[in-house]
Amino acid sequence: MPRGKTTSKVTGKSTRQLLFSEALRQQKHPSVEDSPPLPCANMTEDTHGATMDRILQEISAVSRELEGMDNAMVALTAETRSMRLDLASFQSQMSGLDQRVTTVETQEASWTDRDLELSHLRSKLTDLEDRSCRNNVHFLGFLEGAEGADIFSYLRDILPKLTYITFDPPLEFQRVHMLGPRRQDGNGRPRPIIACMLRHLQPRQLLQTARTQGLFRSGNLEIRMSADLSKETADQRKAFLSFRTQLCRLELKCGLFEPAMMWITKNGESQNFYDPEDLRTFLEGLQDQT
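Under full-length UniProt numbering, the residues of the sequence shown are numbered 1 to 290, in order.
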C-alpha cells in the first residue's frame, strides 16, 4: 500500500473528528459573541424587589376584598336569619288571621241564619199578636170620666146609639181598659179605650161601619173606631196608605185589607202586596215605563 495514500486517509479522518469535537464544544460552551447580553446583578435585584412589592400589594388588596366580602357575608347571614324569623312570625300571624277569618265567616253564616230565623219569628209573633187582638176594638174620643164607675155598661149603652146597629144578642165584653194614667182634671186629649168583645162578629160589624161612616158623632163627641193591631202591622198599613195619591195618579184600583195587605188591579190583573217596599218597586217600574 503506498505511503502517501495512507497519510491522506488518516489526515482526512482526523480533520472530521476535530471539526465534530469543536462543534460539540461550541454547543456546550457558546462564545460570548454568540450569547445574548446578561443583565447586571443590581438590575436583577431591583426588578425582583419591585415585583415582590407589587405582588404583596395585590395580595393585600385581595385580602382586604376577601375580608370585606367576609363581613358582607356575615351581615347577609344575619339579615337572612332575621328574614327567616320575620317570615316565620308572618306565617304564624297569617295562620292566626286565616283561622280568625274562618271563624268570622262561620259566625257570619250563623248570624245570617239567625237573622232569617229572627225575622221569621218576628213575623210569627206579629201575626200571633194580631190574631190575639182580632176581637179588640180601639175607641178614641170618649171624654175622661164619662164612663162613670161601670165602663162595660157605658159602652153597651152608647155604641148602638152611635153606630145605629142593633146587636142581637146584646154587646158583651171580655175586658175593657183605658191606655195611660187617669187625668185628674178631665181636660186634655181623651185616653184611648180598648175593648175586647166576647163574640167575634160584633167587632167586625163595628169596624165595617167605621170604614164606611168614618167618624161617629153624638153631641160634641167625635168617636173614632179602629182595629187593635200590633205596632208593626199599624206601621205597615200606614206605609201602604202613603201610596194612595200615587195610585190614584196612575189610575190604579186599590184596596187595603186586614191586617196589612194592599190589593191593586191593573189592566184587569190583580196583585197583592204584603211589603210596602215591594209596592214601591212596582210603582217605580210603572213610572219608568211611562
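Virtual Cβ for every residue (Gly too), placed ideally from N, Cα, C.
In chain order, what residues of the same chain lie with their CB nearer than 6 Å to the CB of residue i, ignoring the 5 residues before and after it?
i: M178; result: R191, I193
i: E129; result: S230
i: I151; result: V176
Measuring alpha carbon to alpha carbon, tell me which residue in the options is nearest residue i.
i: E258; options: Q246, L241, A61, S153; result: L241
i: K161; options: L76, L66, I223; result: I223
i: L206; options: R175, R182, I165, Q246; result: I165
i: D235; options: S119, C248, S218, Y274; result: Y274
i: S226; options: T281, R81, M52, A210; result: A210
i: H138; options: A61, P203, D278; result: P203
i: T212; options: T163, L85, D53, G68; result: T163
i: L201; options: D168, C248, I151, Q99; result: D168
i: S270; options: A61, D113, A88, C254; result: C254
i: N220; options: L155, L143, L56, L66; result: L143
i: R280; options: Q289, V176, S218, Q246; result: Q246
i: L140; options: G214, G96, L250; result: G214
i: S153; options: S132, R81, R175, C133; result: R175
i: Q287; options: L250, A88, E277, F243; result: L250
i: S132; options: F90, I158, A195; result: A195
i: F243; options: F216, F282, G180, T77; result: F282
On the DSSP bridge assignment, give the partners of residue i in chain order.
i: V137; result: A195, A227
i: C254; result: I264
i: M178; result: I193
i: F173; result: M197
Please list, in chain order, all residues of the same chain as residue i whose beta carbon is under 7 Å from its beta carbon, the five residues on each side excluded.
i: E232; result: T126
i: S266; result: Here the sequence assigns Lys to residue 266, which means Ser is not the residue at that position. Cβ neighbours of K266 beyond the five flanking positions: L252.
i: P2; result: With a pLDDT of 43 at P2, under the threshold of 50, the predicted position of this residue should be treated as unreliable, though the coordinate-derived value follows. Counting only Cβ-Cβ distances below 7 Å, and skipping sequence neighbours, we find nothing.
For residue i, which of helix, strand or coil comes out of DSSP?
i: R189; result: coil
i: N272; result: strand
i: residue 308; result: Nothing about residue 308 can be reported from this structure: the residues present for the chain run from 1 to 290 only.
i: F282; result: helix
i: L221; result: strand
i: F216; result: strand
i: G96; result: helix
i: F243; result: coil
i: F90; result: helix
i: H200; result: coil
i: I59; result: helix
i: E144; result: coil
i: I158; result: helix
i: T112; result: helix
i: D168; result: coil
Leaving out five residues on either side along the sequence, give the residues of the same chain with a beta carbon under 8 Å from the beta carbon of residue i.
i: L256; result: R237, F240, L241, M262, W263
Contact criterion: CB-CB distance below 7 Å. Does residue i meet it with respect to chain D?
i: D288; result: You won't find chain D in this structure, because it holds only one protein chain.
Between the segment 134-154 and the segment 103-115, do at least 3 Cβ pairs fall closer than 8 Å?
no
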